[in-house]
Structures are given as C-alpha cells and as structure tokens.
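Numbering (my numbering), first residue to last: 91 to 186.
Since the structure comes first, as structure tokens, the remarks are kept for the end.
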Ligand code: SF4
C-alpha cells in the first residue's frame, strides 16, 4: 500500500524516500550541479537524464511532496528543478 504524503511529516517523508534506495542515491552527480562549470546544453542533458530516472522512481510522489515542502535550492527532485518546484509550492504547498 502506497503512503499518502499528506499523512507524513517532512522527516517521515525523508526517511521513506531514503530507505527506498531511489535511483538518485546511486548517481548523485546526475542530480546535482557539478563543481566544475557545465554548459547550458550539458546542464539540460543532465537534468533531462535525471528526470527520466525520476519517472521510474518508486517514491516519486513522496519526493515531490518533500520538495514542495522544503523548496530545495539545488538539484533535481521528482524530475523538477528548484525553479519549477517553487511554482508548485506557490500553488499547492504551505507557505515557506
Ligand atoms: S523522484 Fe527522483 S529525485 Fe526523487 S527520490 Fe526518486 S530518483 Fe530521487
């Protein structure tokens, strides 16, 4: 049975996500900006590749709920950039 994100605290969401061993844990370089500069095209390819993995993630909905609540400033969460998550948060999330 799938957990309802609305019934979990932010900490519970995080623990549920991490304990599911999602694809991003195996390839964090794909989900977060590298230390060295990347071109716009490289960044787009990296983010699209990360987003493709998110679509198959077993905790996708938990991750999206976590991102909307925490509004990360870096990385790809549930296939979305921080700017995209900000838009979701303004529409669906609680006030930051
Ligand atoms: S949806 Fe994407 S970012 Fe979120 S836990 Fe799954 S693989 Fe990681």
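Every residue, glycine too, gets a C-beta built ideally from N, C-alpha and C.
- Residues 143, 144, 146, 147 of the same chain have their beta carbon placed closer than 8 Å to that of residue 113, with the five preceding and five following residues left out of the count.
- No residue range can be given for residue 145, since it is assigned to no alpha helix (DSSP H) and is classified by DSSP as neither H nor E.
- Proximity of the region 116-128 to the region 168-185 falls short of the contact definition, fewer than three beta-carbon pairs being nearer than 8 Å.
- If you check the C-beta of residue 104 against the ligand SF4, you find no heavy atom less than 7 Å away.
- Per DSSP, the unbroken alpha helix (DSSP H) holding residue 106 starts and ends at 100-109.
- Residue environment: residue 157 is assigned as buried (16 or more neighbouring CB atoms within 10 Å of its CB, all protein chains considered).
- In this structure, the beta-carbon distance from residue 134 to residue 166 does not fall below 8 Å.
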